[in-house]
Every structure is written in structure tokens, then in C-alpha cells.
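A.B. asks: One structure, as C-alpha cells, below. Some questions next.
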Amino acid sequence: MTKSTPLMPSAELQKNPLISFGRDIASYSEIKPSDIAPAIEYLLEQAQHAVDHAVDPATPASWNDLVEALEDATESLGRSWGVISHLNSVADTPELRTAYGDMIPKVTAFFSALSQNLALYEKFKRLSQSSEFAKLNFAQKKVIENSLRDFRLGGAELADAQKPRFAAIQDEQALLGKSFSDHVLDATDGFVHIVHDISELAGLPEDAIAAAADLAMQKNLQGWAFTLHFPSYYPVMQYAKNRKLRRLMYEAYVTRSSESAPQYSNGKLDWDNTQNMLDQLRLRDEEARMLGFSNYADLSLAPKMANTVDEVDLFLTNFASKAKPFAQKDWQELCEFAQSDLGLIHQSTEGLEPWDIPFASEQLKQTRYSFSENELKQYFPLAKVLEGLFEVIQSLFNVNIEASDLPTWHVDVKSFAVKDLNGKIRAYFYLDPYARPGKRGGAWMDDARGRRELPNGEIQIPVAYLVCNFAAPVTVDGVLRQPTITHDDVITLFHESGHGLHHLLTQVSALGVSGINGVEWDAVELPSQFMENFCWEWEVLEKMTAHAETGKPLPRALFEKMLAAKNFQNGLATLRQIVMSLTDWRLHSSFDASRAKNHAVLDVSRSIAEEYNIIPQPQISRWINSFSHIFAGGYAAGYYSYKWAEVLSADAYSAFEEAAKLTGSVLDPKTGMRYRKEILEVGGSRAAAESFKAFRGREPSIDALLRHGGLA
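Counting from 1, position 151 in the sequence shown corresponds to residue 151 in the numbering used here; the numbering is continuous, with no gaps.
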């Protein structure tokens with residue numbers, strides 16, 4: 001075995017927190033924007049040194065000399081860059097944003113050059129054709145096979161004259177994606193609406209009013225402050241009787257990052273993503289055609305379960321046809337209720353206004369099922385929900401979860417250790433639960449460190465980030481109230497924990513396919529959506545609820561109402577997801593970005609909504625301008641995967657329902673350990689279809705999803 005001699009950092013660099021943490025956990029609070037450039041410059045140089053050694057003719061084309069050596073160098077770069085990217089998402093500041101943005105072209109250029117390195121590609125091909133390849137384990141073989149595919153998709157086989165342009169495309173896309181995300185965050189942070197008269201807040205829950213008062217106080221303003229962060233925005237839409245307030249908030253929300261956005265408090269109007277979307281779509285189409293694909297959707301399928309563009313399109317349109325009759329019934333009932341009981345529809349209007357829909361839906365749910373989401377929320381203190389989540393995980397997968405004390409980036413962030421039954425630590429994870437300025441909206445899981453076998457034979461244990469945007473606890477009359485979350489938030493927490501388990505419980509030791517690495521993008525949502533099902537089980541909710549004031553668990557009668565309402569308006573919700581999926585898919589498969597102008601992307605979203613949705617799309621809506629999943633979040637030509645994987649996850653969960661008929665509990669350890677072994681532990685080391693069949697013993701069926709969603 002030959003080894004490249006690593007470049008030694010200077011004494012000053014050795015103190016840099018982006019380098020000094022090595023294989024341990026980064027000291028997030030110690031990282032300054034000024035640390036970023038010197039650390040990344042050094043790590044790029046070190047990684048390039050390893051690449052140069054790998055392609056040296058004297059370096060053998062072996063697993064240890066080629067794959068392991070490269071993995072070692074690029075992981076160091078990737079982990080430090082991942083820390084910076086993470087901080088940019090959860091603790092954004094102007095200084096951090098600038099320092100991060102300055103290094104994006106250099107990091108992108110390195111990885112572009114890596115994927116285009118023909119000499120390196122040839123070395124990997126030699127390894128795949130060598131006698132050693134047959135002796136490698138299945139995970140190592142999968143790493144090499146994936147690498148060969150990624151070299152081809154990364155432009156390694158392009159002519160030398162084409163490679164600079166291909167690299168420039170990657171650089172431009174990275175910068176545009178960051179810009180898109182920055183615009184959405186700035187537009188969300190930049191809007192504040194002050195209410196001076198409390199009578200205008202009639203209908204809002206007490207905790208939402210308290211949060212608005214608390215926010216106004218933080219901003220040194222008088223009255224009640226509302227923003228476009230979801231925990232502030234959505235209670236207004238759902239509960240406020242003030243239609244004028246609902247309309248104001250709605251119009252600000254759906255025009256974020258567009259030319260129609262209202263004048264923001266800081267006077268900036270440069271957050272319009274209209275041109276950004278067109279530019280990204282043009283670059284993606286150019287990339288696909290350079291690689292010999294007919295469009296970007298076709299290119300995106302190379303590492304996915306689905307086989308053809310038409311297969312995905314047909315999957316979505318067939319799903320729409322199944323959901324549409326249920327959606328039509330949902331919409332008719334809602335409009336009739338809004339007219340007869342709420343007086344929101346008059347002869348002079350064509351139908352229910354978009355800012356009235358969440359309010360009318362909540363009122364209809366309360367009337368039909370005799371409970372409100374706010375009433376239900378009081379039974380879900382976050383601490384109690386976490387206890388219940390951990391109990392599910394511990395019961396099914398033979399692990400224990402205990403509080404830990406890892407370095408964090410914010411006082412609200414918690415860390416936990418995952419231990420086996422002998423007390424040995426197998427993984428760590430972070431939970432960053434609350435929304436705040438400078439933090440990207442939504443919820444996600446990301447890996448801070450992957451599982452791998454180190455050159456010395458030790459196992460590097462995985463670490464994950466679980467990030468949510470729940471409403472933060474508020475102080476009322478000088479008393480800090482314990483935070484409660486909605487049942488939808490509970491589902492979100494279980495969803496992200498499912499991603500986390502996929503990363504944390506892997507037993508694969510080859511980094512490229514351990515945990516979530518190497519998993520087909522349209523199957524990566526299987527473990528997350530699978531976990532959501534437990535949020536509807538009485539044996540789970542009974543133990544994870546405690547009223548915020550009385551401490552009493554959720555009453556069985558309220559649970560039954562909640563269960564009866566589970567599929568309330570699911571037809572409409574399903575069509576909404578399909579419209580978003582089809583918009584993404586058609587933009588990347590049949591949209592001619594090269595000739596498109598101005599609002600062509602918006603026009604595509606409108607035409608699809610008109611064809612497949614039931615609810616009329618208002619002219620003011622620019623929701624596509626903040627569709628970060630596909631323009632900044634890695635789901636380009638992949639948003640369909642939520643529905644695709646939902647078929648897999650519902651079918652996988654049906655195995656636990658079958659077990660419950662025999663054992664009396666969906667928390668069946670035998671089935672849980674089989675799921676852990678065949679789905680979670682193997683990560684991306686084998687095809688997702690094979691893992692599913694290993695668990696269920698057959699091909700997936702859509703029947704369970706239709707049944708669970710009330711669409712059968």
C-alpha cells in the first residue's frame with residue numbers, strides 16, 4: 001500500500017476550529033466567518049494533493065490506495081464545508097453569508113474537476129476490472145459502481161474542450177441555488193406586520209397572541225408583531241376572524257421573492273427569483289444535453305428507482321385521477337360550509353377567497369369533529385413528544401437514547417446519544433427545534449458525519465442534524481411557558497427522525513453507501529414517511545401526550561375524533577402535492593427554458609394547477625418563486641419522490657399492522673428488527689427495490705397508501 005503524505009497545517013491553522021476538530025465534533029460557537037477561507041483553502045489543497053497521488057501511475061488501483069485514500073481527504077473537506085453550510089442554514093449572518101459565498105466557486109470547482117478527472121475515472125475502471133474487485137464486500141463494490149456512474153454523470157467522458165463549460169455550469173448552478181435560498185430567507189425575515197389593537201386578533205389562540213407580543217418586544221415595537229415564518233404566519237390564516245389581516249398576511253406570503261412582493265421594511269426589492277429560476281432551468285437543460293440526455297428529468301433518473309420520464313409522469317397523473325374525485329368532494333363541502341355557516345361566499349363572488357381557505361377549513365373541522373387543532377396542541381408539549389418518539393425508537397430497534405452534551409450553535413439546540421443495549425454509543429444526533437431569524441424555514445435532516453471504517457480499523461460513528469421550525473416557547477406574565485407543538489409538528493418530528501434513523505443505524509462501513517449515502521433519491525423518503533404512521537396510533541399517543549396545564553394524557557374520545565378527521569381534505573392535500581410534483585417534473589422534462597421569457601415558469605405552474613387542481617389559483621400567487629425544494633434544496637426533478645416513496649412507506653408500515661393483529665401492538669420488536677436489518681442498516685449499499693423486497697417479500701403495492709389516505 002502506498003500513501004500520500006498529508007500536507008501539515010501551519011501552527012495558526014491548527015488552531016482554526018474548522019480544522020482542529022479533526023474527526024470529532026466541531027465547536028460551532030467558536031467558528032468565525034474569518035475562519036472559513038483559510039480552512040477551506042488548506043483543505044482544498046490537501047484534497048487536491050490526494051487526487052494527484054491517486055492518479056499517479058505508481059499508485060495501485062486498489063481499494064486502500066485509491067478509494068480509501070481519496071475518501072479520507074475529501075471527507076475532511078466535505079465535513080468542514082458541511083459545518084459551514086449548516087451554519088449558513090441555521091445561524092445566517094451577513095458576514096457568514098459573504099464568507100460562505102466567496103468559497104462556493106472554489107469548492108464547486110474542486111468537486112467538478114474531481115468528477116471530470118479522466119485519469120481518476122480510468123483508475124476506478126481498472127479497479128472494477130481487477131481480481132481484487134471480486135474479493136471486496138458488497139458495500140465496497142457498490143461504492144465503486146456508483147463512482148463509475150458518477151464519473152460519467154460528472155462529465156469525465158466529455159471532450160476536453162467541453163469540460164470547462166461543464167464545470168462553469170456546476171459553479172453557476174451552485175451560486176444560483178444559494179442566491180435563491182438567500183432571497184427566500186431575506187424575504188421571510190424582511191416582512192413584519194404590527195397590529196396595534198388587540199381586537200383585530202380575535203380568534204387567535206392565546207399562545208399565538210403571546211408569541212406576537214413577545215416578538216414585538218424583541219424588536220422594540222409596540223403592539224403585536226407577525227412575520228412570514230410559519231409558526232407566526234399560519235395561526236393567523238387558520239384562526240384569525242379578521243379577513244383583512246388574513247388577506248394581508250396571505251398576499252405577503254405567496255408573493256415572497258417575486259416582483260409582486262410588498263415593500264419590505266428595509267426597503268430592499270432585489271429578492272425576486274423570477275430570472276433565477278429561468279437561469280437554473282437553462283443550465284440544467286444544457287448540462288443534461290452535454291451528457292447525452294434528452295432533458296434534465298431524464299438525467300436525474302440515472303441514480304433513481306424510476307426508469308423513464310414517462311413512467312414518472314404516468315405515476316403522477318394516475319395518482320391525480322384517483323385523488324381528484326375526493327378533492328372535488330372536499331372542495332364542494334368546504335364551499336357550501338363557508339357560504340351557509342360563515343357567510344364567506346356571496347353571490348357577487350366566484351368562490352372562496354384563498355386567504356379564507358385555511359380559516360374555513362379549521363372551522364369546518366371543528367364543526368364536524370368537535371375539536372380544534374389548538375385544543376389538540378395543548379396535549380403535545382415538546383418534551384413529552386420527544387419521550388414518546390424515543391420510546392417508539394427504543395421499542396422497535398433495540399437501542400437507548402440519552403441526552404448528551406455536544407457543542408452546539410444555539411442555546412436551544414439539544415444533543416443525544418444513541419446507545420446499544422450494552423451501553424455502547426452507536427451514534428449522536430442534534431435537535432434544533434425552533435424557528436428564529438437567520439434560520440432557513442422548513443424541516444430537514446442532514447448528516448454531520450457518516451459511518452465508516454477508518455484506516456486504523458476503528459469505526460467512525462455517525463452524527464446527524466435534525467432541524468425543525470416549531471414555535472418557540474414564550475413568556476406570559478413573566479412565566480416561561482413550556483413549548484407545545486401541533487400534531488402536524490409531531491408528524492414532522494417523526495418524519496425527520498426517520499431520515500435520522502436511516503443515517504444513524506446503518507451498519508455499512510463504506511462511507512459512500514453508509515446511511516443515507518447512495519440511496520436512490522426517490523426512495524430516500526421511505527424511512528421518514530414510514531415513521532409518520534406511528535403518530536396515529538393510540539398506544540403511541542397515549543404515552544406521549546400530557547396537557548400543558550393539567551398534565552393529563554390525551555383523552556381517548558379526543559383521539560377518536562382526531563382519527564376520524566385524519567383524512568379531512570386529504571383529496572385536496574394530495575392534489576396539491578401532485579401539482580407541485582408535476583410542476584417540477586414538467587419544468588425539467590418538457591419546458592423549453594432556452595426560449596422562455598419573464599413569467600414562463602409561473603405560467604407552467606398555473607397551467608398544471610388549472611388541469612389537475614380543484615382550487616382556483618389566485619392571480620397574485622407566486623408560490624413557485626419560493627419553491628426551495630427544487631431550486632435550492634436538491635429535489636430538482638425529484639419532488640415526485642415524496643409520493644413515490646409514500647407508496648413504499650405505507651406498504652412497509654402495513655407489515656407492522658399485520659403484526660399487530662397477532663401481537664396486539666404495532667410496536668412489534670420482531671418486525672422492527674427485521675425492518676432495521678433490511679432497510680435501515682443496509683443504507684445505500686444495495687438497491688432500494690431489493691431492500692424493500694427483502695423486508696416485505698414482494699414488490700410494493702399502492703393499496704396500503706390509498707387505504708391510509710382514505711382514497712380507496
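Just so you know, even glycine gets a beta-carbon here, dropped at the ideal spot from N, CA and C.
Over the uninterrupted alpha helix (DSSP H) stretch that includes Arg-606, give me the two end residues.
C.D. replies: It spans 600 to 612 - the alpha helix (DSSP H) in which Arg-606 sits, taken as one unbroken run.
A.B. asks: What does the alpha-carbon distance come out to for the pair Ala-593 and Asp-285?
C.D. replies: Their Cα atoms are separated by approximately 8 Å.
A.B. asks: Please return the same chain residues whose Cβ sits closer than 7 Å to the Cβ of Phe-293, not counting the five positions on each side in sequence.
C.D. replies: Cβ neighbours of Phe-293 beyond the five flanking positions: Leu-299.
A.B. asks: Have a look at Gly-634, Leu-505 and Leu-406 and flag the residue whose alpha-carbon is nearest the alpha-carbon of Ile-25.
C.D. replies: That would be Leu-406, whose Cα lies nearest to the Cα of Ile-25.
A.B. asks: Looking at the structure shown, is Arg-449 part of a helix, part of a strand, or coil, going by DSSP?
C.D. replies: Three-state result, Arg-449: strand.
A.B. asks: Just tell me which of Ile-345, His-599 and Ser-89 has its CA closest to the CA of Asn-469.
C.D. replies: The shortest Cα separation from Asn-469 among Ile-345, His-599 and Ser-89 belongs to Ser-89.
A.B. asks: For Ala-327, collect the residues of the same chain with a Cβ closer than 6 Å to its Cβ; drop the 5 residues on either side in sequence, then sort them by chain order.
C.D. replies: Taken in chain order, the residues that qualify are Gly-571, Leu-572, Leu-575 and Ile-614.
A.B. asks: What is the DSSP secondary structure of Ser-348, counted as helix, strand or coil?
C.D. replies: Here Ser-348 scores only 43 on pLDDT, less than 50, and its place in the model should not be relied on; the value that follows carries that caveat. Of the three classes helix, strand and coil, the one that applies to Ser-348 here is coil, per DSSP.
A.B. asks: Please confirm whether Glu-681 and Thr-506 have their CB atoms less than 7 Å apart.
C.D. replies: Cβ atoms of Glu-681 and Thr-506: closer than 7 Å.
A.B. asks: For Ala-187, which residues of its own chain have a beta-carbon under 8 Å away from its beta-carbon, when the five flanking residues on both sides are left out?
C.D. replies: Same-chain partners within the cutoff: Leu-228, Arg-256, Ser-257, Ala-261, Tyr-264, Trp-271 and Ser-626.
A.B. asks: Buried or exposed for Arg-79, please, with buried defined as at least 16 other CB atoms from any protein chain shown within 10 angstroms of its CB.
C.D. replies: With 16 or more other Cβ atoms within 10 Å, it is buried.
A.B. asks: Run the CB neighbour count on Thr-717, radius 10 Å, all protein chains shown included, and call it buried at 16 or more, exposed below.
C.D. replies: This structure cannot settle anything about residue 717, because the visible part of the chain is limited to 1 through 712.
A.B. asks: Do Phe-534 and Val-392 have their beta-carbon atoms positioned less than 7 Å apart in this structure?
C.D. replies: Against a cut-off of 7 Å, the Cβ pair of Phe-534 and Val-392 comes out as a contact.
A.B. asks: Taking Cβ positions, are Ser-685 and Lys-135 nearer each other than 7 Å?
C.D. replies: For Ser-685 and Lys-135, no; Cβs fall outside 7 Å.
A.B. asks: Would you say Phe-416 and Phe-429 are within 7 Å of each other, going by their C-beta atoms?
C.D. replies: In this structure, Phe-429 lies closer than 7 Å to Phe-416 by Cβ.
A.B. asks: Considering only C-alpha positions, which residue in the set Val-55, Gln-129 and Ser-372 is nearest to Leu-114?
C.D. replies: Nearest C-alpha to Leu-114: Val-55.
A.B. asks: Exposed or buried, which one is Asp-432 when buried takes at least 16 other CB atoms within 10 Å?
C.D. replies: With 16 or more Cβ atoms within 10 Å of its Cβ, Asp-432 is classed as buried.
A.B. asks: Within this structure, are the beta carbons of Leu-77 and Lys-123 separated by less than 7 Å?
C.D. replies: Against a cut-off of 7 Å, the Cβ pair of Lys-123 and Leu-77 comes out as no contact.
A.B. asks: Roughly how many whole angstroms lie between the Cα atoms of Thr-74 and Leu-511?
C.D. replies: About 11 Å.
A.B. asks: Please name the residue or residues paired with His-193 in a DSSP beta bridge.
C.D. replies: Paired residue(s): Phe-226.
A.B. asks: Please name the residue or residues paired with Ile-401 in a DSSP beta bridge.
C.D. replies: The partner list for Ile-401 (beta bridge, DSSP) reads Val-418.
A.B. asks: Let's test the definition: count the other Cβ atoms within 10 Å of the Cβ of Leu-662 and tell me whether it reaches 16, buried, or not, exposed.
C.D. replies: Exposed, because fewer than 16 other Cβ atoms sit within 10 Å of the Cβ of Leu-662.
A.B. asks: So Cys-468 is in the alpha helix (DSSP H); what residue range does that whole segment cover?
C.D. replies: Per DSSP, Cys-468 belongs to no alpha helix (DSSP H); it is in the beta strand (DSSP E), 463 to 470.
A.B. asks: Looking at C-alpha atoms only, which residue of Arg-426, Val-476 and Ser-497 is the closest neighbour of Trp-444?
C.D. replies: It is Ser-497.
A.B. asks: Going by DSSP, which residues form a beta bridge with Trp-444?
C.D. replies: In DSSP, Trp-444 forms a bridge with Val-467.
A.B. asks: Three Cβ pairs or more, each shorter than 8 Å: is that satisfied between the stretch 142 to 156 and the stretch 299 to 313?
C.D. replies: Short answer: they touch.
A.B. asks: With a floor of 4 residues, list each alpha helix (DSSP H) that falls wholly inside the stretch 664 to 696, ordered by position along the chain.
C.D. replies: Whole alpha helix (DSSP H) segments, 4+ residues: 669 to 675 and 688 to 696.
A.B. asks: By DSSP, does Gln-617 sit in helix, in strand, or in coil?
C.D. replies: Looking at Gln-617 - three-state DSSP - the assignment turns out to be coil, as it is neither helix nor strand.
A.B. asks: Return the Cβ separation of His-588 and Ala-637 in integer angstroms, given the expectation that the two are a contact with Cβ distance under 8 Å.
C.D. replies: His-588 to Ala-637, Cβ: 4 Å. Contact.
A.B. asks: Quick one: grab the DSSP three-state call for Met-8.
C.D. replies: Three-state result, Met-8: coil.
A.B. asks: Relative to the alpha-carbon of His-487, which residue among Met-562, Leu-501, Glu-549 and Gly-438 has its alpha-carbon at the smallest distance?
C.D. replies: When only C-alpha atoms are compared, the closest one is Met-562.
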